[in-house]
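*Asks:* Just passing along the structure, written as structure tokens.
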Amino acid sequence: MSGSLRAMRGFSLVELMIVLIVAGILVAITVPTIVGFQHSAQLSGTANTLASDMRYARSLASSQGTTYQITFAPTSYAVARVSPLTPVRTRALPRGIKCTVSNNASFYPWGLAAATTVTLADTASQTVKQPQVVRLYSNGSIARD
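Numbering (the working numbering), first residue to last: 8 to 152.
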């Protein structure tokens, strides 16, 4: 009976090592996927924020009867009233995300806009290969590709 009680007390060192090795392999497999998902979600969220700021600038131009513009830098952008030049909102892009644009986005009081294409890419991740594109059409509509 003492042998069966001894066997019921715990795990052997070999059993514990096998469980740890299996857990380590599972973690090694899932961590890159989770990190890639985080980078992808961050890039998508940045594109959503940019599209929202474009809609905000369009509504300001329409409601205040003046021209607004979004000026872009590789790692940031700013919404500003054009005349007189008054910054309204400035956003820094998250680390590792860069933007390229065809030209600055201008929103006119009558609802039209200067057509612009903004491409957001994650330069910090090797797993996120698909850039996010935000398009502003000349009729003032905004779309994400």
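Quick reminder that beta carbons are idealized off the backbone N, C-alpha and C, glycines included. Quick caveat: nothing in here was measured; it's all calculated off a predicted structure.
#1: Please determine if the segment 79–88 and the segment 47–54 are in contact, where contact requires at least 3 C-beta pairs separated by less than 8 Å.
#2: Helix, strand or coil for Leu-143, going by three-state DSSP, please let me know.
#3: Have a look at Val-38 and Ile-149 and give me their C-alpha separation to the nearest angstrom.
#4: Suppose you measure from the CA of Arg-77 to the CA of Gly-31; what does that come to, to the nearest Å?
#5: Count the CB pairs spanning the segment 50–68 and the segment 90–108 that are closer than 8 Å, and state whether there are at least three.
#6: Since Pro-138 and Ser-69 should fall inside the 8 Å C-beta cutoff, what is the C-beta to C-beta distance between them, to a whole number of angstroms?
#7: Rounded to whole angstroms, how far is the Cβ of Ala-112 from the Cβ of Tyr-144, which I believe are closer than 8 Å?
#8: Evaluate Ile-41 with the Cβ neighbour count: other Cβ atoms within 10 Å of its Cβ, from every protein chain shown; 16 or more gives buried, anything less gives exposed.
*Replies:* Taking the structure as given:
#1: Output reads no: the segment 47–54 does not touch the segment 79–88.
#2: Reduced to three states, the DSSP call for Leu-143 is strand.
#3: Cα-Cα distance, rounded: 35 Å.
#4: In the sequence on display, residue 77 carries Ile and not Arg. So the alpha carbons of these two residues sit roughly 48 Å apart.
#5: Under the 8 Å Cβ criterion, the segment 50–68 counts as touching the segment 90–108, having at least three qualifying pairs.
#6: So it is not a contact: roughly 30 Å between Cβ atoms.
#7: Contact doesn't hold; Cβ gap of about 11 Å is too wide.
#8: Exposed, by the Cβ-count rule.
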